[in-house]
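So the structure is just underneath, and the comments pick up after that.
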Amino acid sequence: MLEPEYYTVKDFQFESGEIIPELKLEYATQGIKKLDSDGNIINAFIYLHGWSGDYTSVENLASVIGPGKAIDTNHYYVISPTALGAPRSSSPSTSPLKTEFPNYTIKDMVNAHYQFLTRGLGIKHVKGIMGTSMGGFQALHWGIWYADFMDFLVLNGTSHRISNRMYGMYHLMNQIITEDSGYDDGRYTENPVRVMEKSSHLGFLWSLAPENYEQCFQSRNEFLVGVGEREKDAHQWDAN
């Protein structure tokens, strides 16, 4: 089981110009660390999770990341950080700022991790960066803004931009939450679980390719049970 660790970036400046005195980043590592003569890590491989994920999301890729796998942890030191904006790293959900938390961009996510890797772990160069979905957005931007920082990129289920359909779905999910009376403009004292369930239900209906719903569920009752399980997952999410 992965054990989380934490690093604090001091005086982190967002793309908007806003500054947070202490930006907390969660991460976990696995594999064997190799050092050069100056003590710098030289075999790091970074995994960036997708939307609603965290440092544990790397475990979903156990078929390709691990001892003897394509990303062999006998050779690579795998670092899986939790993104800026995701719970347990600094985010609206975990900060007293709540809805006043600075609006952040993919560039902010990348810069936060860059400062963590270079200042926190003293890494000057990594072997590769792999990103899934939202993590893939970040990986692409790593290749633009820090092109010399890695040898290769691995992009998984991602694109250079989200589709209008996906943008519309996320916008609707946000509306369902923020327009609910229990949300109270983000000042709620008790997480509005029921509206989170509804939003999660909607998200589940477009998260797979249409044929996958037919393959994964043999009947409509089985499908509705699956939707109900997805709604239960929402109990661990915070509305902010």
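Heads up: the sequence shown is residues 1 to 240, going by the UniProt record's numbering.
Ideal Cβ positions, reconstructed from N, Cα and C, are used throughout, including at glycine.
Given the structure is predicted, the values throughout are model-derived calculations rather than measurements.
Nearest neighbour of residue i, chosen from the options [CA to CA]
i    : options                   : result
A44  : N191, Y188, P4 and K33    : K33
E100 : G186, P4, K232 and S52    : G186
S90  : D54, V64 and I41          : D54
I129 : N103, T105, Y104 and N156 : N156
D148 : K98, K124, A112 and Q215  : K124
L2   : L121, G31, L97 and M173   : G31
Q138 : E179, T56 and H49         : H49
L35  : S207, E18 and H75         : H75
H201 : V225, A209 and E179       : V225
Y146 : M169, Y114 and T158       : Y114
Residue environment, residue i, which counts as buried when at least 16 other CB atoms sit within 10 Å
i           : result
S133        : buried
L171        : The sequence shown places His at residue 171, rather than the Leu named in the question. Exposed.
A62         : exposed
H160        : exposed
Y167        : exposed
G39         : exposed
I144        : exposed
residue 258 : Residue 258 cannot be examined here, being either before or after the span of the chain that is shown, 1 to 240.
N240        : buried
G135        : buried
V9          : buried
Beta carbon of residue i nearer than 8 Å to that of residue j
i           : j    : result
I79         : T29  : yes
E197        : E231 : yes
V195        : H235 : no
M109        : V126 : no
D238        : N191 : yes
L140        : A112 : no
residue 264 : I41  : This structure leaves residue 264 out entirely; the chain is present only between 1 and 240.
P87         : T94  : yes
F152        : Y7   : no
T82         : Y27  : yes
What ranges does the beta strand (DSSP E) occupy inside the segment 77-106, keeping only unbroken runs of at least 3 residues that lie completely in it?
With a minimum length of 3 residues, the continuous beta strand (DSSP E) runs that stay inside the segment 77-106 are 77-81.
Determine, using beta-carbon pairs with one atom in the segment 58-76 and one in the segment 3-22, whether at least three such pairs fall under 8 Å.
Because the criterion of three Cβ pairs below 8 Å is not met, the segment 58-76 and the segment 3-22 do not touch.
Enumerate, from N- to C-terminal direction, the unbroken alpha helix (DSSP H) stretches of 4 or more residues contained entirely within the segment 166-207.
Runs of the alpha helix (DSSP H) inside the segment 166-207: 193-204.
What are the uninterrupted segments assigned as beta strand (DSSP E) that are 3 or more residues long and contained completely in the segment 133-169, given in chain order?
Restricted to the segment 133-169, the beta strand (DSSP E) segments that are unbroken, complete and at least 3 residues in length are 150-156, listed in chain order.
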